[in-house]
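Student: Sequence positions in the sequence shown follow the working numbering and run -17 to 223.
Where is the CB? At the ideal position from N, CA and C, for every residue including glycine.
There's a structure below that I have some questions on.
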Amino acid sequence: MLSSLPNSNVSYGPNIFSKPNIESSLFTKKNPFLHDFLPPKNIEFLMLKKQKPLILKSSIKDLVKTSAVFQAFQSVSNVIAFKRFLVDFPLFKEEDLIQLNHNGNCIVGVVQHIGFLETTLIGPTGLIILHNSRIDKFSIINLTKIVCDEKLFGFHTLFDCKTNLKFYIKGIESVLEKDENVKDNSTYNMVTIQLPTDKVQVVCYVNCSKLQIPQFRSYLKVRGQVLTDIERFICRNTKML
């Protein structure tokens, strides 16, 4: 029978375990074979002492400003502002004919649906989906009028006549008075000078009851014919003057 003596080696096959003679500070005094997971008392964590405190408020602010998070918040903010603008100032509703700027482009169309993120129009080339956050709300012009239960669709156009503006204004008014589609709305038709560009602005309306189905396509045809007649008058008289 094997006996256990101090400082003696006990053989258990190929491995030999030597009982430690020096007590380590990493072990408890009660049981040297159980680790108490406490660091030595003489070790100081200098890195923690020298480390500067993290300012979360500043870090989050910088993150928002320099990341896509800011763009997302900005987009949502623009959408909310656009919806509030429509509530406070209802410039248009569904089935209205409007003109507006979107991504730098002038768009004319009939409103089909007004959503939280998007507005859908029927335009000259078909269905147009506009992102509300990119609509220049101050460029919106409602081209729809309701007169005695009659809906009117209008159009606004600018002409650069250079000189003799009064002559061209009278001539364009004469063109509108002769056109079968717009002459009945002379009360709302206007030909004025836009300042400070000194361009001639033409505003005229056509009765929706006179338009064929689909109305918007018929409207574009009437609009194109009226503008063509005005341009012919301007070109003809520009050569003579």
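#1: Please classify TYR187: does DSSP put it in a helix, a strand, or coil?
#2: Considering just the uninterrupted stretch of the beta strand (DSSP E) at LYS127, what are its terminal residues?
#3: Whose C-beta lies closer than 7 Å to the C-beta of ASN171 among residues of the same chain, with five residues either side of it excluded?
#4: Quick check on the DSSP output: the beta strand (DSSP E) that includes PHE141 runs from which residue to which?
#5: Taking 8 Å as the cut-off, decide whether the C-beta atoms of CYS190 and GLN197 are in contact.
#6: Which residue marks the beginning of the alpha helix (DSSP H) containing GLY97, and which one marks its end?
#7: Mapping the DSSP letters down to three states, classify ASN176 as helix, strand or coil.
#8: Among residues of its own chain, excluding the 5 on either side of VAL90, which ones have a beta-carbon nearer than 8 Å to its beta-carbon?
#9: Could you say which of LEU112, ASN85, HIS84 lies nearest to HIS243 if we only look at CA atoms?
#10: For VAL92, which residues of its own chain have a beta-carbon under 6 Å away from its beta-carbon, when the five flanking residues on both sides are left out?
#11: Could you name the residues that DSSP lists as bridge partners for LEU82?
#12: Which residues in the same chain have their Cβ closer than 7 Å to the Cβ of CYS143, if we skip the five residues on either side of it in sequence?
#13: Contact check, LEU140 vs GLN176 under 8 Å by CB: the rounded distance?
#14: For the alpha helix (DSSP H) containing LEU193, name the first residue and the last one.
#15: Using only the alpha-carbon positions, how far apart do LYS119 and LYS127 sit?
#16: Can you tell me the Cα-Cα spacing of LEU209 and ILE154, whole angstroms?
#17: Identify the continuous alpha helix (DSSP H) that holds LEU158 and give its terminal residues.
#18: Please confirm if ASN171 has its CB atom under 8 Å from at least one CB of chain B.
#19: Taking the DSSP output, what are the residues bridged to ASP118?
#20: Going along the chain, which residues of its own chain have a beta-carbon closer than 6 Å to the beta-carbon of THR179, five neighbours each way excluded?
#21: Ends of the beta strand (DSSP E) at LEU112?
#22: State yes or no: is the C-beta of ASN167 within less than 8 Å of the C-beta of SER121?
#23: Do the CB positions of ASN114 and THR101 come within less than 8 Å of each other?
#24: Does the beta-carbon distance from ARG116 to ASN87 come in below 8 Å?
Tutor: Quick answer:
#1: If DSSP states are grouped into helix, strand and coil, TYR187 belongs with the strands.
#2: Looking at the DSSP string, the run of the beta strand (DSSP E) that includes LYS127 is 126 to 129.
#3: Contacts found: LEU158, VAL164, VAL185, CYS186, TYR187.
#4: Unbroken beta strand (DSSP E) run through PHE141: 132 to 141.
#5: In this structure, CYS190 places its C-beta atom within 8 Å of the C-beta atom of GLN197.
#6: That residue, GLY97, is in no alpha helix (DSSP H); it is neither H nor E in DSSP.
#7: Residue identity check: residue 176 is Gln in the sequence provided, not Asn. In the structure shown, GLN176 falls within a strand segment according to DSSP collapsed to helix, strand and coil.
#8: Excluding residues within five positions, the ones whose Cβ falls inside 8 Å are LEU79, ILE80, GLN81, GLY105, PRO106, LEU125, PHE137.
#9: What the structure shows of the chain is the stretch from -17 to 223, and residue 243 is not part of that stretch, so it cannot be assessed.
#10: The residues are LEU79, ILE104, PHE198.
#11: In DSSP, LEU82 forms a bridge with ILE89.
#12: For CYS143, where only same-chain residues beyond five positions count, the Cβ hits under 7 Å are TYR150, VAL182, ILE216.
#13: Correct: roughly 6 Å between the Cβ atoms.
#14: Neither: LEU193 is in no alpha helix (DSSP H) and is coded neither H nor E.
#15: Note on geometry: alpha-carbon atoms of LYS119 and LYS127 lie some 19 Å from one another.
#16: ILE154 has its alpha-carbon roughly 10 Å from the corresponding atom of LEU209.
#17: That run of the alpha helix (DSSP H) goes 147 to 160.
#18: The structure shown contains no chain B; it is built from a single protein chain.
#19: ASP118 is bridged to ASN83.
#20: So no residue of the chain qualifies.
#21: Looking at the DSSP string, the run of the beta strand (DSSP E) that includes LEU112 is 108 to 113.
#22: Taking C-beta atoms as the reference points, ASN167 and SER121 fail to come closer than 8 Å.
#23: Contact: yes.
#24: Pairing ARG116 with ASN87 gives a Cβ-Cβ distance that is not under 8 Å.
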